[in-house]
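Note sheet for the following structure.
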Amino acid sequence: MMEDHLKVSVDTILEQYSSAPLPVPVPAINLSTLGDAQGTFVQWPTCWVKFTSEVMSNKSSKGKKKLDIHKKPTIQRSLVSEKVLLSLTRDCKWLHSMIASRSSDDPIAITLDASMFHYESDDSHALLTIEDISQFLSGAMINISIIQIFVIAMQDYLQGLDTFAQLGWMCPESISSTACESNPEDVKVYIHRAITESQNADIDILVAPYYENHHWVLLVIWISRGMIFVVFRNTCAHGSEKVNKIIWKQMKCAKQTGGLECGYYMMRFMYDLSRSINEGQDLEQVYTSTLRDEAFSMAEIHEIRDRWAMYVCDNLL
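Taken in order, the sequence shown gives residues 1 to 317; the numbers are from the UniProt record's numbering.
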């Protein structure tokens, strides 16, 4: 977001102003006038904004920063191809606009709460890069930082509901196949700590996004039942169906149609799980009541992408 600007939704335009130029045009998607921007978001100078509930005063405007109407409009760059940009939803276009107008390409630092992700002591941190966001907007394979942010967004979503159904979360980086291969004992200690801390907090369900062989898998651990639900697994085997009294349940679920959507599918599974648990269903009900073979619709995927995009815009930028 540019300094001294606000995010404004352009809903209704008086006909005589439809050809008025935007203060921050977006030529990559042909947004140069108010008429072009109707139905989407734009960046608008703060000094041009008046809220309907605002009490107007006749106080002197002395000292207030004035907008230089002769200043050349800021032209935004594009992070994705024109074809991709035109295909984005309104919320994803807004994310693109916010990122494209940043004065710096420095990564965005994300704090990963130690208590939420069951780290041993201090909070950890992740970095969200311009490349990460470009890949997300393009629908490419998404990396761990995207998933970490979505987990935080899901926790915020649950906490904002009237009846807060608690889920526990594992950090995907701490249990990835790379971590398992390089430091298997550390991973075992981490999983044990996550389960123990969840039990102490009366949390019975742990959600574990797992990345292996360029594929995202969702593991949902039902602690009191000793069950692990495997959602969206690829052809890689997880081992014995019963190890150390753990019952593995491979769940029937929507199948992706391409090779890059697995991250978005897993995000959709996490969102559906969060909603269902909050509605009072137990874990087996959640997965037996939502069995499907067909792929998710584009609307279902767009809903998830929009949730991620708006969380980043509202909380990280």
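Ideal placement from N, C-alpha and C gives every residue a C-beta, glycine not left out.
This structure is a prediction, so every number in the text was calculated from the model and none was measured.
- Task: Return the CA-CA distance between residue 168 and residue 35, expressed in angstroms with no decimal places.
- Result: Here residue 168 refers to the residue found at position 168 of the sequence shown. Here residue 35 refers to the residue found at position 35 of the sequence shown. Distance between the alpha carbons of residue 168 and residue 35 is about 46 Å.
- Which residue's Cα is closest to the Cα of residue 19: 38, 107, 6 and 90? As a working note, residue 19 is residue 19 in the sequence shown. When 38, 107, 6 and 90 are compared, the shortest CA-CA separation from residue 19 is found for 38.
- Message: Once DSSP output is grouped into helix, strand and coil, what is the label at residue 69?
- Response: On the sequence shown, residue 69 is found 69 positions in, with the first residue counted as 1. Unreliable positioning characterises residue 69 in this predicted model, as indicated by a pLDDT of 48, which lies under 50. The coordinate reading is nonetheless provided below. The three-state reading of DSSP puts residue 69 in coil, since its state is none of H, G, I, E or B.
- Between the beta-carbon of residue 185 and the beta-carbon of residue 179, is there less than 8 Å? Start at 1 with the first residue of the sequence shown, and residue 185 comes out as number 185. Start at 1 with the first residue of the sequence shown, and residue 179 comes out as number 179. Result no, Cβ atoms of residue 185 and residue 179 do not sit closer than 8 Å.
- Item | Coarse secondary structure for residue 13, derived from DSSP in three states | For the purposes of this step, residue 13 is identified with residue 13 of the sequence shown, where counting begins at 1. When secondary structure is reduced to three states using DSSP, residue 13 falls in the coil class, being assigned neither helix nor strand.
- Return the chain-ordered ranges of every alpha helix (DSSP H) run that is complete within the region 93-153 and spans a minimum of 4 residues. Secondary structure remark: continuous alpha helix (DSSP H) runs of at least 4 residues inside the region 93-153, in chain order: 114-117 and 130-138.
- Message: Let me check one thing: in DSSP terms, what residues is residue 216 bridge-paired to?
- Response: If you number the sequence shown from 1, residue 216 lands on position 216. The partner list for residue 216 (beta bridge, DSSP) reads 211.
- Query: Taking Cβ positions, are residue 117 and residue 270 nearer each other than 8 Å?
  - Reply: Within the sequence shown, residue 117 is the residue found at index 117, counting from 1. Within the sequence shown, residue 270 is the residue found at index 270, counting from 1. Using a Cβ distance threshold of 8 Å, residue 117 and residue 270 do not count as a contacting pair.
- Query: How should residue 55 be labelled, buried or exposed, when 16 other C-beta atoms within 10 angstroms of its C-beta is the threshold for buried?
  - Reply: Taking the first residue of the sequence shown as 1, we reach residue 55 at position 55. In this prediction, residue 55 has a pLDDT of 42, which is less than 50 and means its spatial position is unreliable; what the coordinates show is noted afterwards. Flag for residue 55 reads exposed.
- Reference residue 134; option with closest CA among 160, 82, 175 and 162: Here residue 134 refers to the residue found at position 134 of the sequence shown. Among 160, 82, 175 and 162, the Cα nearest to that of residue 134 is on 82.
- At which residues does the beta strand (DSSP E) containing residue 22 begin and terminate? Within the sequence shown, the letter at position 22 stands for residue 22. Going by DSSP, residue 22 is part of the beta strand (DSSP E) stretching over 21-26.
- Query: How would you call residue 126, buried or exposed, if buried means at least 16 neighbouring beta carbons within 10 angstroms?
  - Reply: Numbered from its first residue, the sequence shown carries residue 126 at position 126. Result: buried.
- Task: Determine the direct distance from the alpha carbon of residue 182 to that of residue 304, and round the result to whole angstroms.
- Result: The residue labelled residue 304 in the question sits at position 304 within the sequence shown. The residue labelled residue 182 in the question sits at position 182 within the sequence shown. Roughly 32 Å between the two C-alpha positions.
- Can you tell me the Cα-Cα spacing of residue 33 and residue 41, whole angstroms? In the sequence shown, residue 33 corresponds to position 33, counting from 1. In the sequence shown, residue 41 corresponds to position 41, counting from 1. Those two C-alpha atoms are separated by around 12 Å.
- Run of the alpha helix (DSSP H) containing residue 88, from where it starts to where it stops: Within the sequence shown, residue 88 is the residue found at index 88, counting from 1. Residue 88: not part of any alpha helix (DSSP H); DSSP gives it neither H nor E.
- Could you give the DSSP three-state label for residue 33: helix, strand or coil? Position 33 of the sequence shown holds residue 33. In the structure shown, residue 33 sits in a strand (DSSP, three-state: E or B).
- Message: Let me check one thing: in DSSP terms, what residues is residue 168 bridge-paired to?
- Response: Mapped onto the sequence shown, residue 168 falls at position 168. Per DSSP, 206.
- Item | N- and C-terminal bounds of the alpha helix (DSSP H) containing residue 43 | Taking the sequence shown and counting its residues from 1, the one referred to as residue 43 is at position 43. Residue 43 -> not in any alpha helix (DSSP H); beta strand (DSSP E) instead, spanning 41-45.
- Got a sec: does the ligand FMN put a non-hydrogen atom nearer than 7 Å to the Cβ of residue 26? You won't find the ligand FMN in this model; it holds no ligand whatsoever.
- Task: Could you check what DSSP says for residue 312 in three-state terms: helix, strand or coil?
- Result: As a position in the sequence shown, residue 312 is number 312, starting the count at 1. In the displayed model, residue 312 falls within a helix according to three-state DSSP.
- Residue nearest to residue 79 in terms of C-alpha spacing, selected from 136, 89 and 44: Indexing the sequence shown from 1 puts residue 79 at position 79. For residue 79, the nearest C-alpha among the options comes from 136.
- Measuring alpha carbon to alpha carbon, tell me which of 25, 31 and 8 ends up nearest residue 49. Residue mapping note: residue 49 aligns to position 49 of the sequence shown, counting from 1. Per the C-alpha coordinates, the member of 25, 31 and 8 positioned closest to residue 49 is 8.
- Query: Under the three-state reduction of DSSP, which class applies to residue 80: helix, strand or coil?
  - Reply: Within the sequence shown, residue 80 is the residue found at index 80, counting from 1. If DSSP states are grouped into helix, strand and coil, residue 80 belongs with coil.
- Message: Assuming the contact rule is C-beta atoms closer than 8 Å, residue 223 and residue 198 should be a hit. Round their C-beta distance to whole Å, please.
- Response: Position 223 of the sequence shown, counting from 1, holds the residue named residue 223. Position 198 of the sequence shown, counting from 1, holds the residue named residue 198. Indeed, because the Cβ distance is near 6 Å, the residues count as touching under 8 Å.
- Task: On a CA-only basis, which of 146, 190 and 225 is nearest residue 321? Give me that one, please.
- Result: This structure cannot speak to residue 321, because the chain is shown only from 1 to 317.
- Query: Is residue 8 helix, strand or coil when you go by DSSP?
  - Reply: Reading the sequence shown from its first residue, position 8 is the one you call residue 8. If DSSP states are grouped into helix, strand and coil, residue 8 belongs with the strands.
- Task: Within its chain, find whatever has a CB closer than 7 Å to the CB of residue 129; leave out the 5 residues flanking it on each side and keep chain order.
- Result: Taking the first residue of the sequence shown as 1, we reach residue 129 at position 129. Excluding residues within five positions, the ones whose Cβ falls inside 7 Å are 107.
- Give me the Cα-Cα distance between residue 218 and residue 267, rounded to the nearest whole angstrom. Within the sequence shown, residue 218 is the residue found at index 218, counting from 1. Within the sequence shown, residue 267 is the residue found at index 267, counting from 1. So the alpha carbons of these two residues sit roughly 9 Å apart.
- Task: Identify, in the order they occur along the chain, each residue of the same chain with its Cβ nearer than 7 Å to the Cβ of residue 44, setting aside the five sequence neighbours on each side.
- Result: For the purposes of this step, residue 44 is identified with residue 44 of the sequence shown, where counting begins at 1. Closer than 7 Å at Cβ, skipping near neighbours: 5, 6, 8 and 23.
- Use the C-beta contact count for residue 220: other C-beta atoms within 10 angstroms, 16 or more gives buried, fewer gives exposed. Taking the sequence shown and counting its residues from 1, one reaches residue 220 at position 220. Looking at its Cβ environment, which holds 16 or more other Cβ atoms inside 10 Å, residue 220 is buried.
- Presumed contact (8 Å Cβ cut-off) between residue 157 and residue 276, rounded CB distance: Start at 1 with the first residue of the sequence shown, and residue 157 comes out as number 157. Start at 1 with the first residue of the sequence shown, and residue 276 comes out as number 276. That belief does not hold up - the Cβ atoms of residue 157 and residue 276 are roughly 13 Å apart, past 8 Å.
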